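A.B. asks: In this note's numbering, the protein residues as written are 17 to 189.
The beta-carbon is built from N, C-alpha and C at its ideal position, and this holds for glycine as well.
All figures in this text were calculated on a predicted structure; none of them were measured in a lab.
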């Protein structure tokens with residue numbers, strides 16, 4: 017495909033999951049086929065280069081010379097396999113993205129409802145605390161049958177000073 021044909025409008029159709037799946041599967045097949053071709057070329061070149069013996073070569077000289085060429089084909093095959101894996105990863109990531117975007121409105125609604133429940137529970141707790149406090153204040157402000165205030169300190173008949181904790185325990189305080 018030439019660079020002139022690669023326009024952004026051409027790739028907008030990939031926003032559909034089925035189109036993305038088809039497109040990445042095709043790219044993956046291309047890269048797997050390329051890797052197989054590189055492996056076949058590597059086998060042929062490896063056999064040919066390793067069989068080239070020059071007068072005076074040591075035992076592993078031809079193999080060492082061959083490795084200098086083979087490493088580039090091995091890198092090409094490795095890159096093709098990585099591209100095939102990347103195409104699969106792209107498809108999986110896009111499928112996950114589509115599912116995530118589809119689930120967002122429901123998640124946001126659930127979060128909003130949970131927040132409302134928390135707020136209502138907080139308001140209810142504050143109202144209960146305020147009612148309890150007002151009840152205590154009202155009971156304390158109403159004079160008892162003898163005319164004295166319930167919250168007022170009660171005078172005891174025992175004028176003896178308290179000399180320690182043991183005195184308090186003995187008196188039942």
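Which whole runs of the alpha helix (DSSP H) in the stretch 19–103 are 4 residues long or more, in chain order?
C.D. replies: Listed in chain order, they are 24–27, 33–66.
A.B. asks: Considering only the beta carbon of each residue, do residue 47 and residue 105 sit closer than 8 Å?
C.D. replies: Position 31 of the chain shown, counting from 1, holds the residue named residue 47. Position 89 of the chain shown, counting from 1, holds the residue named residue 105. In this structure, residue 105 does not lie closer than 8 Å to residue 47 by Cβ.
A.B. asks: So, is residue 179 buried or exposed, given that buried needs 16 or more other C-beta atoms within 10 angstroms?
C.D. replies: Position 163 of the chain shown, counted from the first residue, corresponds to residue 179. With fewer than 16 other Cβ atoms within 10 Å, it is exposed.
A.B. asks: What is the rounded straight-line gap between the Cα of residue 191 and the Cα of residue 114?
C.D. replies: Here the chain has residues from 17 to 189 only, and residue 191 is not among them.
A.B. asks: From 71, 59, 121, pick the residue whose C-alpha is nearest to that of residue 83; which is it?
C.D. replies: Along the chain shown, one-based indexing puts residue 83 at 67. Answer by Cα proximity: 59.
A.B. asks: I need the straight-line Cα distance from residue 81 to residue 66, nearest angstrom please.
C.D. replies: As a working note, residue 81 is residue 65 in the chain shown. As a working note, residue 66 is residue 50 in the chain shown. Approximately 8 Å between the Cα atoms of the pair.
A.B. asks: Please report the distance separating the alpha-carbon of residue 42 from that of residue 139.
C.D. replies: Position 26 of the chain shown, counting from 1, holds the residue named residue 42. Position 123 of the chain shown, counting from 1, holds the residue named residue 139. Between residue 42 and residue 139, the C-alpha separation is close to 59 Å.
A.B. asks: Drop a sphere of 10 angstroms on the beta-carbon of residue 40, count the other beta-carbons inside from all chains shown, and report buried for 16 or more, exposed for fewer.
C.D. replies: What you label residue 40 is simply residue 24 of the chain shown in a count that begins at 1. Residue 40 is buried by the Cβ-count criterion.
A.B. asks: Please classify residue 134 as buried or exposed, where buried requires at least 16 neighbouring CB atoms within 10 angstroms.
C.D. replies: Residue mapping note: residue 134 aligns to position 118 of the chain shown, counting from 1. So residue 134 counts as exposed.
A.B. asks: Run the CB neighbour count on residue 56, radius 10 Å, all protein chains shown included, and call it buried at 16 or more, exposed below.
C.D. replies: Reading the chain shown from its first residue, position 40 is the one you call residue 56. Label assigned to residue 56: exposed.
A.B. asks: Does the Cβ-Cβ distance between residue 103 and residue 51 come in under 8 Å?
C.D. replies: Within the chain shown, numbered from 1, the residue matching residue 103 stands at position 87. Within the chain shown, numbered from 1, the residue matching residue 51 stands at position 35. Not closer than 8 Å, so no.
A.B. asks: Which whole-angstrom value is the C-beta distance of residue 118 and residue 33, which I expect to be below 8 Å?
C.D. replies: For the purposes of this step, residue 118 is identified with residue 102 of the chain shown, where counting begins at 1. For the purposes of this step, residue 33 is identified with residue 17 of the chain shown, where counting begins at 1. About 10 Å separates the two Cβ atoms, so there is no contact after all.
A.B. asks: Would you mind sorting residue 107 into buried or exposed? The rule is 16 or more other CB atoms within 10 Å of its CB.
C.D. replies: Against the chain shown, residue 107 aligns to sequence position 91. So residue 107 counts as buried.
A.B. asks: Consult DSSP for residue 121 and reduce its assignment to one of helix, strand or coil.
C.D. replies: Start at 1 with the first residue of the chain shown, and residue 121 comes out as number 105. Residue 121: helix per DSSP, three-state reduction.
A.B. asks: Using a Cβ-Cβ cutoff of less than 7 Å, which residues in the same chain neighbour residue 85 once the five nearest sequence positions on both sides are dropped?
C.D. replies: Walking along the chain shown from the start, residue 85 turns up at place 69. Contacts found: 61, 65.
A.B. asks: Output the boundary residues of the alpha helix (DSSP H) element that contains residue 187.
C.D. replies: Counted from its first residue, the chain shown places residue 187 at position 171. It spans 181–187 - the alpha helix (DSSP H) in which residue 187 sits, taken as one unbroken run.
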